[in-house]
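From first to last, the protein sequence lines stand for chains X and E. All residue numbers for the first sequence refer to my numbering, where the first residue is 8 and numbers rise by one. All residue numbers for the second sequence refer to my numbering, where the first residue is 252 and numbers rise by one. Quick reminder that beta carbons are idealized off the backbone N, C-alpha and C, glycines included.
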Amino acid sequence: MVQVTTNIPAVPPAQRGYWSGVLSRLRRDPVSMICAGVLALLILSAVFAPWLGLADPYQGSMIKRLAAPGTPGHLLGTDEQGRDMLSRLIHGGRLTLFIGLMPVVLAFFIGGTLGIIAGYVGGITNTIIMRVVDVFFAFPSVLLAIAISGALGAGVLNSLVSLTIVFVPPVTRVAEAVTSGVRSLDYIDAARASGANALTVIRVHVIGNVLSPIFVYATSLTSVCMILAAGLSFLGIGVRPPEPEWGLMLNTLRSAIYVNPWLAALPGVMIFATSLCLNLLSDGLRSAMNVRD
Amino acid sequence: MSATDKPLLSVRDLKKHFPIKGGILGRTQAMVQAVDGVSFDVRAGETLGIVGESGCGKSTTAKLLIGLVDRDEGDIDLGGKSLGRDISLRALRRDIQMVFQDSYASLNPRMTILDSIAFGARVQGLDDPAGRARRLMARVGLDPDRFAGRYPHELSGGQRQRINIARALVMSPKVVVLDEAVSALDKSVEAQVLNLLSDLRAEFGLTYIFISHDLNVVRYISDRILVMYLGEVVELAPVDMIWAEQAHPYTRSLFSAMPSMDPDNRTQKPPLTGDPPNPIDPPPGCRFHTRCAFAADICKTRHPALGPMVAGSPHWVACHLHDPASGHPRAGQGVPA
């Protein structure tokens with residue numbers, strides 16, 4: 008074998024980890040960084056809402072009902088009970104983001120695990136898991152969420168449980184499809200042929216290659232999840248008034264749409280901005296996670 | 252093969268039938284007889300070439316050898332130890348490794364070259380996996396300082412196949428199964444990789460099972476050639492003998508399908524017509540009789556056994572033409588010219 012020796016100084020070998028590489032690629036994408044900034048602002052303001060010196064989100068005033076945005080003392084106006092919109096929107100972020108994100112995070116872990124097991128093991132295990140998942144697909148997701156929430160009763164925790172159950176099946180299905188695709192590739196065979204057990208092969212070779220599509224799919228579910236949570240609140244089986252929550256606010260303000268359309272649209276704008284940023288960020292993350300580009 | 256010359260790897264009556272499931276209950280409708288009673292021995296340091304057309308069971312045989320596909324029947328003995336009885340699959344996998352055809356699909360795209368090579372050594376708990384990997388990288392001609400941290404997509408096909416070879420060698424196996432390992436490479440790179448394989452065989456005392464559809468490549472690297480047709484062995488002989496005389500009509504047509512280098516010696520008529528029969532329902536008797544020019548009635552009913560052409564000869568064939576007692580009209584005369 009001819010050994011070609013060159014005088015070119017060797018390129019410093021990329022010894023940094025995979026995730027730091029993803030982060031540095033993400034940092035070069037302006038859209039993703041703006042979205043990450045907006046999301047960080049939303050999350051931070053929601054977390055620190057009580058310490059921001061805002062008006063009391065529960066204190067209403069019958070005189071100042073439905074004040075237009077820009078009214079002195081109420082930057083974004085007041086709602087149908089005269090409560091400060093800015094304060095309610097920021098406080099509302101706490102519950103909305105929590106019920107919007109938590110079910111998806113839980114479904115990502117539960118569905119991802121189930122799907123990877125089904126896809127990797129195959130055979131009868133796959134049949135059992137996937138047929139059970141199919142049962143859930145027989146119901147429209149809204150109906151399923153309402154049915155489970157109705158059976159469990161109202162409350163934040165119960166809507167969390169019902170929304171998680173709604174989102175586990177689609178995540179499982181995506182995870183299964185991606186995993187069985189990866190499973191048939193030669194490098195999985197090569198890893199098995201080296202004597203590694205299934206757990207090691209999944210941990211080292213499968214997860215890294217299936218995670219990004221599952222992750223991207225899961226982030227796209229968060230916007231749906233926030234809207235479903237809002238729907239549950241509207242029906243009285245989710246968050247209950249007077250708790251501030253964007254979905255609930257959107258529903259209670261819907262009658263104001265003829266009086267003050269800008270006001271009625273505000274909670275929707277928040278939901279829209281959040282889900283748009285999540286989707287764009289997940290797109291950016293997907294391309295950053297692709298080593299080949 | 253004499254008793255003193257014990258084979259390193261011995262395969263007896265290996266069978267794998269894949270079920271075809273269908274219907275509402277998913278019951279087995281039929282069986283694909285991918286590998287049906289394959290037997291062969293490989294001596295230490297020898298290279299056995301396996302040839303045959305697509306779908307004849309070459310790759311399934313390879314996967315059966317390293318346990319990527321579970322066998323239905325048959326014995327695999329390595330160094331006198333029987334798989335499943337004397338040694339575990341995990342232990343066997345340390346001694347038998349495989350190089351796949353698709354150099355890109357056989358490397359994890361999210362893993363650095365070094366980690367890919369070292370993975371097997373880590374799994375088997377060998378000492379200094381990274382050091383082993385770096386030494387092997389250097390041995391297959393890739394500078395570890397430059398390539399260790401790279402990803403598979405940054406390498407060319409030839410470089411990736413070198414990495415795959417290094418990966419197969421990291422556990423110091425005795426046998427390496429090369430499943431079309433050079434088929435996807437262009438000719439100049441193919442030659443380099445073949446030379447590398449020859450060098451490694453001498454250096455590490457390896458035994459190869461070399462699967463290919465390219466007869467010239469097989470001839471270059473192999474000591475003996477095994478010809479498969481529809482999941483069965485039809486001929487097994489040392490390279491020189493099979494090059495001098497192809498005893499089975501199928502082998503003959505396979506050889507005559509090789510493009511000639513001599514423009515005056517063009518192949519005029521197609522050596523073989525038709526597709527191989529469906530392995531779901533292979534023809535009775537000799538599996539080749541549907542396409543064989545010399546088929547007689549006996550070929551349709553009686554299955555020819557694999558045996559030496561002449562008693563004691565290392566040239567083995569499964570054809571009624573070579574068995575004087577077979578009842579074939581031309582029995583014992585060999586394949587007509």
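- Message: To be precise: take each residue of the stretch 364-387 of chain E, compare its Cβ to all Cβ atoms of chain X, and keep it if any distance is under 7 Å. Which residues remain?
- Response: 370, 371, 374 and 375
- Item | Between the CA atoms of residue 297 of chain E and residue 495 of chain E - distance to the nearest angstrom | If you number the second sequence from 1, residue 495 of chain E lands on position 244. If you number the second sequence from 1, residue 297 of chain E lands on position 46. Straight-line Cα distance between these residues: approximately 20 Å.
- Item | Closest Cα partner of residue 492 of chain E within the set E:565, E:360 and E:409 | Within the second sequence, numbered from 1, the residue matching residue 492 of chain E stands at position 241. Measuring from the Cα of residue 492 of chain E, the nearest candidate turns out to be E:565.
- Item | Proximal residues of chain E, C-beta to C-beta of residue 192 of chain X below 7 Å | What you label residue 192 of chain X is simply residue 185 of the first sequence in a count that begins at 1. Neighbours of residue 192 of chain X on chain E, chain order: 356.
- Which bits of chain X does residue 351 of chain E rub up against, with CB to CB less than 8 Å? Taking the second sequence and counting its residues from 1, one reaches residue 351 of chain E at position 100. Here the neighbours are 193, 196 and 197.
- Using 8 Å as the limit for Cβ to Cβ distance, is residue 229 of chain X near chain E? Translated into positions along the first sequence, residue 229 of chain X becomes position 222. Not closer than 8 Å to any Cβ of chain E, the Cβ of residue 229 of chain X fails to qualify, so no.
- Can you give the Cα-Cα distance for residue 531 of chain E and residue 554 of chain E, rounded to whole angstroms? For the purposes of this step, residue 531 of chain E is taken as the residue at position 280 of the second sequence. For the purposes of this step, residue 554 of chain E is taken as the residue at position 303 of the second sequence. If you take the alpha carbons of residue 531 of chain E and residue 554 of chain E, they lie about 17 Å apart.
- Message: I'd like the span of the beta strand (DSSP E) that includes residue 547 of chain E, first residue to last.
- Response: Stepping through the second sequence from its first residue, residue 547 of chain E is reached at position 296. Looking at the DSSP string, residue 547 of chain E is not in any beta strand (DSSP E), and its letter there is neither H nor E.
- Message: Below 8 Å on C-beta distance, what does residue 158 of chain X contact in chain E?
- Response: The residue given as residue 158 of chain X occupies position 151 in the first sequence. Near residue 158 of chain X there are no residues of chain E at all, since even the closest Cβ is about 33 Å away, more than 8 Å.
- Check whether the Cβ atoms of residue 213 of chain X and residue 293 of chain X lie closer than 8 Å to each other. Here residue 213 of chain X refers to the residue found at position 206 when the first sequence is read from its first residue. Here residue 293 of chain X refers to the residue found at position 286 when the first sequence is read from its first residue. Taking 8 Å as the Cβ cut-off, residue 213 of chain X and residue 293 of chain X do not qualify as a contacting pair.
- Message: Could you compute how far the alpha carbon of residue 401 of chain E sits from the alpha carbon of residue 364 of chain E?
- Response: Along the second sequence, one-based indexing puts residue 401 of chain E at 150. Along the second sequence, one-based indexing puts residue 364 of chain E at 113. Spanning the two alpha carbons is a distance of roughly 6 Å.
- Message: Run through the DSSP bridge pairs and tell me what residue 552 of chain E is partnered with.
- Response: Indexing the second sequence from 1 puts residue 552 of chain E at position 301. Answer is none; residue 552 of chain E lacks a bridge partner.
- Task: Give the interface partners of residue 418 of chain E over in chain X, defined as CB-CB distance under 9 Å, in chain order.
- Result: Taking the first residue of the second sequence as position 1, residue 418 of chain E is located at position 167. Those are 197 and 201, listed as they occur along chain X.
- Task: Write down the C-beta distance between residue 193 of chain X and residue 353 of chain E rounded to the nearest angstrom, noting that I regard them as a contact closer than 8 Å.
- Result: Start at 1 with the first residue of the first sequence, and residue 193 of chain X comes out as number 186. Start at 1 with the first residue of the second sequence, and residue 353 of chain E comes out as number 102. Yes, they are in contact, since the Cβ atoms of residue 193 of chain X and residue 353 of chain E sit about 6 Å apart, within 8 Å.
- Given that residue 133 of chain X touches chain E, what residues does it touch there, using C-beta distances under 7 Å? Residue numbering aside, residue 133 of chain X sits at position 126 when the first sequence is read from its first letter. Within 7 Å Cβ-Cβ: nothing; residue 133 of chain X doesn't reach chain E, min ~12 Å.
- Under 9 Å Cβ-Cβ, which residues of chain X neighbour residue 422 of chain E? Taking the second sequence and counting its residues from 1, one reaches residue 422 of chain E at position 171. Going along chain X in sequence order, the residues near residue 422 of chain E (Cβ under 9 Å) are 201 and 202.
- Does the beta carbon of residue 226 of chain X sit closer than 8 Å to a beta carbon anywhere in chain E? Taking the first sequence and counting its residues from 1, one reaches residue 226 of chain X at position 219. Not an interface residue.
- Applying the criterion that 16 or more other CB atoms from any shown protein chain within 10 Å of the CB defines a buried residue, is residue 579 of chain E buried or exposed? Taking the first residue of the second sequence as position 1, residue 579 of chain E is located at position 328. Residue 579 of chain E comes out buried.
- With C-beta atoms as the reference, is residue 56 of chain X less than 8 Å away from residue 97 of chain X? Within the first sequence, numbered from 1, the residue matching residue 56 of chain X stands at position 49. Within the first sequence, numbered from 1, the residue matching residue 97 of chain X stands at position 90. Contact flag set, yes.
- Straight-line CA distance for residue 69 of chain X to residue 274 of chain X? As a first step, residue 69 of chain X is located in the first sequence; it is residue number 62 there, counting from the start. As a first step, residue 274 of chain X is located in the first sequence; it is residue number 267 there, counting from the start. So the two alpha carbons sit approximately 21 Å from each other.
- Message: Distance cutoff 8 Å, beta carbons only. Does residue 344 of chain E sit that close to anything in chain X?
- Response: Numbered from 1 along the second sequence, position 93 holds the residue referred to as residue 344 of chain E. Closer than 8 Å to some Cβ of chain X, the Cβ of residue 344 of chain E qualifies, so yes.
- Residues near residue 173 of chain X by beta carbon distance below 6 Å, same chain, minus five either side: The count along the first sequence starts at 1 and reaches residue 173 of chain X at position 166. Here the set comprises 148, 151 and 152.
- Query: So is residue 17 of chain X buried or exposed if we call it buried at 16+ other beta carbons inside 10 Å?
  - Reply: Indexing the first sequence from 1 puts residue 17 of chain X at position 10. Low local confidence applies: a pLDDT of 44 at residue 17 of chain X is under 50, so the model's placement there is unreliable, with the coordinate-based value given in what follows. Result: exposed.
- Message: Starting from residue 285 of chain E, trace the beta strand (DSSP E) in both directions and tell me its first and last residue.
- Response: Taking the second sequence and counting its residues from 1, one reaches residue 285 of chain E at position 34. Start and end: 278-293.
- Task: Reducing DSSP to helix, strand and coil, say where residue 18 of chain X ends up.
- Result: Working through the first sequence from its first residue, we reach residue 18 of chain X at position 11. Note on residue 18 of chain X: pLDDT 44, under 50, position unreliable in the model; the coordinate value appears next. Three-state result, residue 18 of chain X: coil.
- So, residue 586 of chain E versus residue 488 of chain E, is the Cβ gap smaller than 8 Å? Here residue 586 of chain E refers to the residue found at position 335 of the second sequence. Here residue 488 of chain E refers to the residue found at position 237 of the second sequence. Not closer than 8 Å, so no.
- Task: Could you check if residue 253 of chain E is buried or exposed, using at least 16 other CB atoms within 10 Å of its CB as the buried criterion?
- Result: The residue you call residue 253 of chain E lines up with position 2 of the second sequence. Residue confidence is low: residue 253 of chain E scores 41 on pLDDT, short of 50, so the model does not pin down where it sits. No coordinate-derived value is stated.
- Please report how far the alpha carbon of residue 436 of chain E lies from the alpha carbon of residue 461 of chain E, in whole angstroms. Translated into the one-based positions of the second sequence, residue 436 of chain E becomes position 185. Translated into the one-based positions of the second sequence, residue 461 of chain E becomes position 210. Near 15 Å, if we compare the C-alpha coordinates of residue 461 of chain E and residue 436 of chain E.
- Under the three-state reduction of DSSP, which class applies to residue 130 of chain X: helix, strand or coil? Taking the first sequence and counting its residues from 1, one reaches residue 130 of chain X at position 123. Correct three-state label for residue 130 of chain X: helix.
- Task: Taking only beta carbons into account, state which residues of the stretch 299-320 of chain E come closer than 9 Å to chain X, listed in chain order.
- Result: 314, 317, 318 and 319
- Task: Grab the span of the alpha helix (DSSP H) containing residue 188 of chain X for me, first residue to last.
- Result: One-based indexing of the first sequence puts residue 188 of chain X at position 181. Run containing residue 188 of chain X: 163-190, per the alpha helix (DSSP H) assignment.
- Nearest chain X C-beta to residue 553 of chain E closer than 8 Å, yes or no? Within the second sequence, residue 553 of chain E is the residue found at index 302, counting from 1. Output row for residue 553 of chain E: interface = no.
- With 8 Å set as the bound, which would you pick, yes or no: does the beta-carbon of residue 98 of chain X sit closer than that to a beta-carbon of chain E? As a position in the first sequence, residue 98 of chain X is number 91, starting the count at 1. No, no contact with chain E.
- Item | Inside the stretch 389-460 of chain E only - beta strand (DSSP E) runs reaching at least 3 residues | 426-430
- Item | Contact with chain X by residue 278 of chain E, beta-carbon distance below 8 Å | Position 27 of the second sequence, counted from the start, is the residue given in the question as residue 278 of chain E. It does not; no Cβ of chain X falls within 8 Å.
- Under the DSSP definition of a beta bridge, which residues are partnered with residue 348 of chain E? Sequence index remark: in the second sequence, residue 348 of chain E carries index 97 (1-based). E:427.
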